[in-house]
Amino acid sequence: MWPAFADRPFTPPASESSRINGGRLATPVTSDAQTPNDTPASRSRRSILPSARAGDSKQLNRTLHLRDESVASGKSRTPITGTGLFGGMAFAISYASSEPEKAEVARHIHRNGGIILDNGFEELFELPSMDERASTPKRILTADGRNPGLMLKAKFADLGFVALIADRHSRKAKYMQALALGLPTLSGRWVMDCLKAMSSDDRADAKLLPWSRYLLPAGESAYLNGAVRSRMLVPYSTLEVTLAGTIANRPLLLDSDGVVIVASKRNKAIWDKRKAYAFLTLALGAGTVKRVSDLQEAKAYVASSLENGEESPWRWIYVDGSVADAHAVVFEESTPVTAGKKRKRTNEVVKKEKVDRKAMSAVGAEGRVRVVNDEFVVQSLILGALVE
Numbered sequence: 000m001w002p003a004f005a006d007r008p009f010t011p012p013a014s015e016s017s018r019i020n021g022g023r024l025a026t027p028v029t030s031d032a033q034t035p036n037d038t039p040a041s042r043s044r045r046s047i048l049p050s051a052r053a054g055d056s057k058q059l060n061r062t063l064h065l066r067d068e069s070v071a072s073g074k075s076r077t078p079i080t081g082t083g084l085f086g087g088m089a090f091a092i093s094y095a096s097s098e099p100e101k102a103e104v105a106r107h108i109h110r111n112g113g114i115i116l117d118n119g120f121e122e123l124f125e126l127p128s129m130d131e132r133a134s135t136p137k138r139i140l141t142a143d144g145r146n147p148g149l150m151l152k153a154k155f156a157d158l159g160f161v162a163l164i165a166d167r168h169s170r171k172a173k174y175m176q177a178l179a180l181g182l183p184t185l186s187g188r189w190v191m192d193c194l195k196a197m198s199s200d201d202r203a204d205a206k207l208l209p210w211s212r213y214l215l216p217a218g219e220s221a222y223l224n225g226a227v228r229s230r231m232l233v234p235y236s237t238l239e240v241t242l243a244g245t246i247a248n249r250p251l252l253l254d255s256d257g258v259v260i261v262a263s264k265r266n267k268a269i270w271d272k273r274k275a276y277a278f279l280t281l282a283l284g285a286g287t288v289k290r291v292s293d294l295q296e297a298k299a300y301v302a303s304s305l306e307n308g309e310e311s312p313w314r315w316i317y318v319d320g321s322v323a324d325a326h327a328v329v330f331e332e333s334t335p336v337t338a339g340k341k342r343k344r345t346n347e348v349v350k351k352e353k354v355d356r357k358a359m360s361a362v363g364a365e366g367r368v369r370v371v372n373d374e375f376v377v378q379s380l381i382l383g384a385l386v387e
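Going by numbering that gives the first Met the number 0, 278 is the number at position 279 of the sequence shown; the sequence numbering is gapless.
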């Protein structure tokens, strides 16, 4: 075929661009497409992300860390319990001042895998009903003789280290809960120092600092003439401890006794306030806690046992307000008067007995039942023993 085309001139075909410019339809060629000037910022950020060189590793980690913070800062976030420096741990936070510092500590704990207990330690437990009628509470004990009044929720059964983070000792509900449960009350400095000690290059091997030096005191003790009482907790490893073990080994000041707590059933606001103290009685080891509407109903609980000559299963009547006033209502004529001058004289002595207006507790019913108020509970928690 070559001889037939040997003398014919060769005309090169039109270029791809000339065909497009000439109006013929064609698919644009990627290599010829021009990059627009309004490239999205996200695309440009991806293109200039620094490489992970040894000298730039800290800067890269810091950049990625800030991006993670913006994602995790939403209110609907789900706590991560298995990873991070505080993974598998839970913390309640109670600051007397410095809300910015409190928010910073909470953010660091959550970012590093810890659970924040916004409503306090009672979130961890299945709380029994306190409104069911029961005139003779049963002293329910486990096989080892301990009171099972506080039962952990199933989802927290494997929780490890649990503590309160605070800026100072206080009488706030969360602080009192920590004292009742035997949990460490730690300065927020512990959280910050743990993070500071954690190397950014070997986060997987990071460990928490020992917490004993950060332990805050129990509070000001009236029994010790206003002195601030230190706490005595045996240090333990944050990696080996379990919440279940900590709760099981806490001191039980009430030793499974029955407690009647007086709180109106008609006023929800009053009960919401009293619930925090009701939880404290369970944490202190009460066998049964029952709520009654008024002092007359509390008196009926006590009298029902005394009339039958039994030892009252209800050893504590917990009131909000004056112990003296409550004592006068509950124990006036609580012991039936029978014939005989000696019995009458004994009853008259009981009626004439006065209770100090500032008293935190008062004994009645032949020394078997005690009326107490909030201050008695707080001071007992601070002292680590029942205030006599």
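Glycine residues also receive a C-beta, built at the ideal position from the N, C-alpha and C atoms.
This one's a predicted model, so the numbers in the text were calculated from it and none came from an experiment.
Thinking just about the alpha-carbon of each residue, which of G257, S211, P250 is nearest to the one in Y235?
S211
DSSP three-state label for R18, please.
Below a pLDDT of 50, predicted positions are generally treated as unreliable, and R18, at 42, falls in that range; the measurement from the model is reported next regardless. Note: R18 maps to helix in three-state DSSP.
For A217, list the residues DSSP reports as bridge partners.
A217 is not bridged to any residue.
Supposed close pair R290, M129 - CB separation, criterion 8 Å:
Between R290 and M129, the beta carbon gap of about 4 Å places them in contact (Cβ cut-off 8 Å).
Measuring CB to CB, does L214 end up less than 8 Å from T237?
no
In this structure, does DSSP put L294 in helix, strand or coil?
Helix, per DSSP.
Under a three-way DSSP split, which group does F124 fall into?
strand
If you compare alpha carbons, which of V261, A358, D157 is closest to F124?
Here the closest residue by C-alpha is D157.
List the whole-angstrom C-beta distance separating A261 from V322, where the pair is believed to meet the contact cut-off of C-beta under 8 Å.
Note that residue 261 is Val in the sequence shown here, rather than Ala. About 11 Å separates the two Cβ atoms, so there is no contact after all.
Contact between the region 212-232 and the region 264-274 is defined here as three or more beta-carbon pairs at a separation below 8 Å; is this criterion met?
Look at the beta carbons and you see the region 212-232 not touching the region 264-274: under three pairs across the two are nearer than 8 Å.
Of the residues K264, P99, K101, A89, the one placed nearest G112, counting alpha carbons only:
Comparing Cα positions, the closest option is A89.
Cβ-based burial, G363 [other Cβ within 10 Å; buried from 16]:
buried
Per DSSP, what kind of secondary structure is F90 in: helix, strand or coil?
strand
Kindly identify the DSSP beta-bridge partner or partners of T287.
G257
According to DSSP, T184 sits in a beta bridge with which residue or residues?
L163
In the DSSP assignment, find the alpha helix (DSSP H) that holds R230 and state where it starts and stops.
Careful: R230 lies outside any alpha helix (DSSP H) and carries neither H nor E.
Q176 versus D256, G187, I246, K195, residue with shortest Cα-Cα distance
I246
Taking 6 Å as the limit between beta carbons, can you name the residues of its chain near V328, skipping five residues before and five after?
Within the same chain, and ignoring the five residues on either side of V328 in sequence, the residues whose Cβ sits closer than 6 Å to its Cβ are L294.
Considering only residues of the same chain and omitting the five flanking positions on each side of A361, which have a CB-CB separation below 6 Å?
V322, H326, V354, V370
Can you list, in chain order, the residues of its chain whose CB lies under 6 Å from that of P99, leaving out five sequence neighbours each side?
none
For Y276, three-class secondary structure by DSSP:
helix
If you count every other CB in all the chains shown that lies within 10 Å of the CB of M231, and 16 or more means buried, which is it?
M231 comes out exposed.
Three-state secondary structure (DSSP) at M175?
helix
Please identify the residue among W189, L180, R170 whose C-alpha is closest to the C-alpha of F375.
Of W189, L180, R170, the residue nearest in Cα terms is R170.
How far does the beta strand (DSSP E) with S211 in it extend, from its first residue to its last?
Premise fails: S211 is in no beta strand (DSSP E) and is neither H nor E.
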